[in-house]
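Data block below; observations after.
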Amino acid sequence: MDRETITSQKVLERILFDESAEPKALPLSLLAHITSNFSDDKEIGCGGFARVYRGMLDSGTVAVKKLHDLVDMDEKKFSEEIHCLMKAKHKNIVRFLGYCSDTQGEMVVCEGKLVLADVRQRLLCFEYLPKGSLDKQITDVSCGLEWRKRYQIINGICDGLYYLHQNHIVHLDLKPANILLDDNMLPKIGDFGLSRCFGEKQSQAITSKLIGTMGYLAPEFYTRRQITFKLDIYSLGMIIIEILTGDRGYADIDNILERWRSRLEKSQGDKQLVQVRVCAEIAIECADFNPAKRPDTQHIIDRLGATRNADEFATETGASSSSSVAKSAVVAPGPTIGPENPMANELKKLTDGLYDMTKNQRFSLMPDDSSNVQQETDIQETSSDVEESLIIERTEERDNMVATLSGSISPEFTVLPIYGFGGIGKTTLAQLVFDDAQFAGYFKVWVYVSQNLVLNKIGNSIISQLSEESHVAERQMIHIKLRELLAGKKVLIVLDDVWEKNPDTLNSLMAMLRVGVDSMVTVIVTTRDEAVAREICHTVEPYELETLTDKICWKIIKQKTAFNDRVDKKRLKHIGREIATKCGGVALAAQSLGYTLKGKTPDEWESVRDHYIWNVSILEESSSRDHEVLASMLISYSHMPECLRSCFTYCAVFPKGHNIVKYDLIHQWIALGFTERSRIFDSMQLCEKYVVQLLGMSFLQYSKTPMSDRW
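Residue numbers (full-length UniProt numbering): 1 to 711.
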């Protein structure tokens, strides 16, 4: 090390151990040295904006965030992030230690030649938090963190957000992945790359970009592009729901309370159940569709403060018994809602919020014209639109997979992962193999996994599909029951949409399904991540699903639009082929656009082809394939009649991957007044048509689990 590097390392070590010290400018040479020149073995995280490395000092460890060389990352934006970070000093905020903005000579290709260019390097240095991010710790109620830890985390996040808002900082990307945990599981809010620092009297700002993370982004931001503190409050509500339930989106709170009741400490059960209820109520208020009805951080802190002393809170509210705790008001799947029903007011609130949201929710995608005038909605109801295979030119892939599984060297237990971009058709290809005659004599199980891999949840899903039992609480009993059910049988299991990267968790999952001799267990795994595919499988080569050609995307669009029956197909042919190229080889994009374009005029086809949404960034962390899927879905959404938008928006109350009972949902739509008036169809018939349309546009999909009338 040169003298400058040695000196600056001592400065950084002093800052690390002196919490009152101010962050300093750090030389690039130091940050390169402590990360072994940003070597792969020091990398601890990677996102759309940056890579994060572990930096080793003589007396401690730091985290170094190296920003990607983004076109739209200028010095002003970098300075704004540093400004926010230097203002944010709190025990529940990741501590900022220093920054670097320097140029470095780097060989790059320019006009076909290698040239030495000055490349701007921007880096940030933070305290190192060994427990990683919160999203890795979230599980359902049956396992994982005990209530005391979850409650501590909820309180810490709220305290941190209260501090930010008091200091006029809007985070704008609050989510579990951006909340880090120290050795004591103390939560700390991090990643201020999208944050805004307001002036003392400023309460809002306008942006032209749609930024943030889907699932945590407040619904009004899609239409208004208005930055307010209420955006963070919505994100907070979604995070608390996820901490309480293990899933994104709303859940049956009474059911959650019942499940927590069986797990809470016996001596503290009633008191802690009060805390569960209050946290659930806060979450629902924060996630209100109407931003004006969301509480501010002061209100949230006050309510949580009352529950920190559970004895005092129980006395003041009279909520000392578990029976009173269970009276939480949420949307329930009841078929009838009358004026005397206590749920009516809650449903009315939700209805108002949904109408507020959908009334203006055009996403600035399509100009207002006569098509927006209320009229008898033309619901497309061709049954083939939703019941056909929709796997075009994938039979070769299916045959290859079946051959691979048949030729496995370990027939008693075979795992074959399929990996590829989201929306490319992994699930549907798995369905083709699932239905293949090769597996006609097999017991079959389909489990939707999603981002939170919970072993007990997966085990119970398999048990419920192979037997009459529905819930086994203990992990050991799940293993015993699975061995009993799988032994001596031929079983085909699909684990759909696996995101988990932890090798230990994946190994535990495989161990749970490997029952030994006298059985043939075949497991198909779908995942977006090649690393997950290779970690989970060691006997056969994972199957990479390639993108479709533009020709095949055009074939899907033609099929979905009944193109060959149109009299104007000559004019539409060129437009349609250009739209197909915008699908990026992703089947989901082609299917959604195809259904949307059915029955539309040539001018409307052109408006889809030429729309600006194809050329703007929807999610700053998304890949190009994600962009094409999201853009196509936004365009399809913008073409929905208002009644259908309300019905679809209501589906946000269910977590991702949730199996919805069809007629329960229809009864709720009717109770909420989402159906239009019709001289021809009654409300039930209209809702049946809405279901058909949402399935056709790929906004809903048929459930793969063996339950009738569910998606």
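Glycine is no exception: its CB is placed at the ideal position from the N, C-alpha and C atoms.
This one's a predicted model, so the numbers in the text were calculated from it and none came from an experiment.
Beta-carbon contacts of residue i that lie in its chain and below 6 Å, excluding the five residues immediately before and after
i, result
"Gly-132", "none"
"Ser-235", "Leu-174 and Tyr-216"
"Arg-528", "Gly-422"
"Asp-247", "Pro-655"
"Glu-571", "Sequence check: residue 571 is Arg here, not Glu. Pro-602, listed in sequence order."
"Tyr-151", "Gln-275"
"Ser-636", "Ser-592, Thr-596 and Met-697"
"Arg-609", "Ile-575, Glu-578 and Ile-579"
"Ile-666", "Cys-687"
"Ala-283", "Gly-237, Ile-240 and Ile-241"
Reduced DSSP category for residue i - H, G, I as helix; E, B as strand; rest coil
i, result
"Arg-196", "strand"
"Phe-38", "coil"
"Gln-476", "helix"
"Gln-465", "helix"
"Cys-143", "coil"
"Trp-554", "helix"
"Leu-545", "coil"
"Arg-14", "helix"
"Pro-417", "strand"
"Ser-59", "coil"
"Tyr-216", "coil"
"Arg-534", "helix"
"Arg-398", "helix"
"Arg-120", "strand"
"Ile-301", "helix"
"Thr-103", "strand"
"Asp-497", "strand"
"Thr-5", "helix"
"Gln-375", "With a pLDDT of 37 at Gln-375, under the threshold of 50, the modelled position of that residue is not reliable, and the figure given next carries that caveat. Of the three classes helix, strand and coil, the one that applies to Gln-375 here is coil, per DSSP."
Cut-off 7 Å between Cβ atoms - residues of its own chain near residue i, not counting five sequence neighbours on either side
i, result
"Glu-183", "Per the sequence shown, the amino acid found at residue 183 is Asp instead of Glu. Around Asp-183: Pro-130 and Lys-131."
"His-479", "Met-512"
"Cys-647", "Trp-669, Phe-674 and Tyr-690"
"Asp-135", "Pro-176 and Ala-177"
"Trp-614", "Lys-582 and Ala-631"
"Ile-243", "Ile-138, Arg-150, Ile-153 and Ile-154"
"Ala-487", "Val-515, Asp-518 and Ser-519"
"Val-454", "Thr-139, Asp-140, Cys-143 and Gly-246"
"Trp-260", "Val-141, Trp-147, Leu-273 and Val-276"
"Thr-207", "Arg-225 and Ile-227"
"Phe-38", "Ala-32, Tyr-53 and Lys-66"
"Lys-444", "Phe-434 and Leu-492"
"Asp-436", "Arg-398 and Val-402"
Beta-bridge partners of residue i, as assigned by DSSP
i, result
"Tyr-650", "Its beta-bridge partners do not exist; DSSP assigns none."
"Arg-51", "Cys-46 and Lys-66"
"Glu-484", "DSSP output for Glu-484 lists no bridge partner at all."
"Ala-205", "Ile-227"
"residue 716", "Limits of the chain in this structure are 1 at one end and 711 at the other, which puts residue 716 out of reach."
"Leu-492", "Lys-444 and Thr-522"
"Pro-602", "Answer is none; Pro-602 lacks a bridge partner."
"Thr-675", "BP columns for Thr-675 are empty, so no partner."
"Ser-450", "Val-498"
Selection from the options that minimises the alpha carbon distance to residue i
i, options, result
"Cys-643", "Arg-677, Ile-660, Ile-34 and Val-653", "Arg-677"
"Gln-121", "Cys-197, Pro-27 and Lys-42", "Pro-27"
"His-168", "Ile-575, Ser-683, Glu-22 and His-83", "His-83"
"Leu-164", "Lys-501, Ala-589, Leu-85 and Thr-103", "Leu-85"
"Pro-219", "Arg-577, Asp-288, Thr-561 and Ser-406", "Asp-288"
"Met-520", "Leu-672, Ser-203 and Ser-406", "Ser-406"
"Ser-638", "Tyr-222, Gln-137, Thr-61 and Ala-590", "Tyr-222"
"Leu-567", "Ile-579, Leu-593, Glu-541 and Gly-599", "Residue identity differs from the one stated: residue 567 is Val in this sequence, not Leu. Ranking Ile-579, Leu-593, Glu-541 and Gly-599 by Cα distance to Val-567 puts Gly-599 first."
"Ile-138", "Thr-649, Cys-553, Thr-505 and Asn-452", "Asn-452"
"Gln-476", "Asn-460, Pro-417, Glu-4 and Ser-683", "Asn-460"
"Ser-262", "Phe-198, Arg-196 and Glu-474", "Glu-474"
"Arg-54", "Glu-75, Glu-81 and Leu-123", "Leu-123"
"Leu-700", "Asp-682, Tyr-99, Tyr-650 and Ser-683", "Tyr-650"
"Lys-87", "Gly-160, Gly-45 and Pro-503", "Gly-160"
"Ile-418", "Asn-659, Ile-157, Lys-188 and Glu-544", "Glu-544"
"Lys-42", "Glu-22, Gln-202, Tyr-128 and Pro-411", "Tyr-128"
C-beta neighbour in chain B for residue i, strict 8 Å
i, result
"Ser-235", "Structure shown: chain B not included; a single protein chain is present."
Distance cut-off 7 Å: residue i Cβ against heavy atoms of the ligand FAD
i, result
"Lys-136", "Looking for the ligand FAD in the displayed structure turns up nothing, as the structure carries no ligands at all."
Other residues of its chain near residue i: CB distance less than 8 Å, five sequence neighbours each side excluded
i, result
"Gln-9", "Met-1, Leu-30, His-33, Ile-34, Leu-57 and Asp-58"
"Ile-458", "Val-447, Val-449, Leu-495, Leu-509 and Met-512"
"Glu-81", "Leu-124, Phe-192, Gly-193 and Ser-195"
Nearest-angstrom beta carbon gap, residue j and residue i [assumed within contact, 8 Å]
i, j, result
"Val-415", "Thr-539", "7 Å"
"Ile-233", "Arg-294", "4 Å"
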